[in-house]
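K.L.:
Each residue of the sequence shown is one higher than the one before, counting from 608 in the numbering used here.
Using N, Cα and C, we set each Cβ at its ideal position, and we do this for glycine too.
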Amino acid sequence: MPDDIIQKSYILGSAEKRLVDEYLTPLGLREKFINVSDNEWVYTSNLYITANPYPHCSHLGPLYKKLGDKLKNYFNISNLPARRYILSNRKSYMRQIHNFDNLSKAIQDAFPSNKYEKVIDERLTIGETAKLYGDAKFLYLVVGSNCFKSLVLNEKAVVVLVGTGAYDDSAINAIGSNGNKIVYYVEPSISHKDYSYNVLNITLAIKACSIANYYINNSRFPTDPAGSLIL
Numbered sequence: 608m609p610d611d612i613i614q615k616s617y618i619l620g621s622a623e624k625r626l627v628d629e630y631l632t633p634l635g636l637r638e639k640f641i642n643v644s645d646n647e648w649v650y651t652s653n654l655y656i657t658a659n660p661y662p663h664c665s666h667l668g669p670l671y672k673k674l675g676d677k678l679k680n681y682f683n684i685s686n687l688p689a690r691r692y693i694l695s696n697r698k699s700y701m702r703q704i705h706n707f708d709n710l711s712k713a714i715q716d717a718f719p720s721n722k723y724e725k726v727i728d729e730r731l732t733i734g735e736t737a738k739l740y741g742d743a744k745f746l747y748l749v750v751g752s753n754c755f756k757s758l759v760l761n762e763k764a765v766v767v768l769v770g771t772g773a774y775d776d777s778a779i780n781a782i783g784s785n786g787n788k789i790v791y792y793v794e795p796s797i798s799h800k801d802y803s804y805n806v807l808n809i810t811l812a813i814k815a816c817s818i819a820n821y822y823i824n825n826s827r828f829p830t831d832p833a834g835s836l837i838l
């Protein structure tokens, strides 16, 4: 919605109060939200709806970037220096890395000059997420809805993204919309929507991390990334 429409309008919808408080407060829209109950009618002289395309969770590009910028400004993380190296593992039973400790140790041993932090990706508030990831310089994670934390991710962070047997374009596009550089590789044995026991290829992970570290140190991708395809 254009800013002038947002400022002169109220927002009608049906949602849990805690979600309204958490997400609309940082955007300055909490007082504009009216919670409509089932079978409740509302009269309005002007009604604005989004169309062509209709909104959905993959509304990416400039809109996603604008939303992220508003959140970063609210949480005062827009100007944080990128400094932390984060290895993230999902707490969900889906797409969890089951050799995470061994993988993390191998990556740390391969790049001893970097200090890697292991983070278990739990359900956090958007404020907690901003505090945790707002100063990331490097982020390693598996695709999924957890990639929408890129809304508050430092735009200078380089992301190593592990794909599954199903191609999740929204994860790539969400991170890319924030301006982050991505090193993407696939572990095809990971089930995208069901449980699977996921032992990731450590050699492949280190290779992907080496490309990410090259970009961090040189502000460009390697011209010959050892058989990888750079897009």
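Which partner residues does Tyr747 have in the DSSP bridge list?
P.N.:
The partner list for Tyr747 (beta bridge, DSSP) reads Leu694 and Val767.
K.L.:
Enumerate, from N- to C-terminal direction, the unbroken alpha helix (DSSP H) stretches of 4 or more residues contained entirely within the region 629-660.
P.N.:
Counting only runs of 4 or more, we get nothing.
K.L.:
DSSP on Ser621, reduced to helix/strand/coil?
P.N.:
Coil.
K.L.:
Grab the span of the beta strand (DSSP E) containing Asp728 for me, first residue to last.
P.N.:
From DSSP, the beta strand (DSSP E) with Asp728 extends over Tyr723 to Asp728.
K.L.:
For Arg730, count the other beta carbons within 10 Å of its own beta carbon; 16 or more makes it buried, fewer makes it exposed. Which is it?
P.N.:
Per the 10 Å Cβ criterion, exposed.
K.L.:
For the region 697-709 against the region 802-812, are there 3 or more C-beta pairs whose distance is under 8 Å?
P.N.:
Result yes; three or more Cβ-Cβ pairs closer than 8 Å.
K.L.:
Using 10 angstroms around the beta-carbon of Pro609, count the other beta-carbons present and answer buried if the total reaches 16, otherwise exposed.
P.N.:
With fewer than 16 Cβ atoms within 10 Å of its Cβ, Pro609 is classed as exposed.
K.L.:
Looking only at its chain, what residues have a beta carbon closer than 6 Å to the beta carbon of Leu746, apart from the 5 residues adjacent to it on each side?
P.N.:
If we look at Leu746 and ignore the five residues flanking it on each side, its Cβ neighbours are Ile693, Ala764 and Val766.
K.L.:
Quick check: what's the CA-CA separation for Leu838 versus Ser720?
P.N.:
No answer about Leu838 holds up, because its pLDDT of 47 lies below 50 and its placement is not dependable.
K.L.:
Helix, strand or coil: which one does DSSP assign to Tyr791?
P.N.:
It is a strand residue.
K.L.:
Starting from Ala840, trace the alpha helix (DSSP H) both ways and give me its first and last residue.
P.N.:
Residue 840 is absent from the model: the chain starts at 608 and stops at 838.
K.L.:
By the DSSP assignment, the alpha helix (DSSP H) with Glu735 in it spans what residues?
P.N.:
First-last of the alpha helix (DSSP H) with Glu735: Ile733 to Tyr740.
K.L.:
Could you tell me whether any Cβ in chain C is nearer than 8 Å to the Cβ of Asp728?
P.N.:
As a matter of chain content, chain C is missing from the structure shown, which is built from one protein chain.
K.L.:
Okay, do the region 731-751 and the region 677-690 touch, 3+ Cβ pairs below 8 Å being the bar?
P.N.:
The answer is yes - the region 677-690 touches the region 731-751, with three or more Cβ pairs under 8 Å.
K.L.:
In chain order, what residues of the same chain have a beta carbon less than 6 Å from the beta carbon of Pro829, not counting five sequence neighbours either side?
P.N.:
Correct list, in chain order: Tyr821.
K.L.:
Is Asp801 helix, strand or coil when you go by DSSP?
P.N.:
Three-state result, Asp801: coil.
K.L.:
Just the Cα atoms here: how many angstroms apart are Pro669 and Ser796?
P.N.:
So the two alpha carbons sit approximately 33 Å from each other.
K.L.:
When you compare only the Cα positions, how much space is there between Phe718 and Ser616?
P.N.:
Distance between the alpha carbons of Phe718 and Ser616: 52 Å.
K.L.:
Taking 7 Å as the cut-off, is the C-beta of Pro609 nearer than that to any heavy atom in the ligand PLP?
P.N.:
Annotation note on the ligand PLP: not contained in the displayed structure, which lists no ligands.
K.L.:
Using C-beta distances below 8 Å, list every residue in its chain close to Ile618, excluding the 5 sequence neighbours before and after it, in chain order.
P.N.:
Within the same chain, Ile618 has close Cβ partners Leu631, Leu636, Lys639, Phe640 and Ile641.
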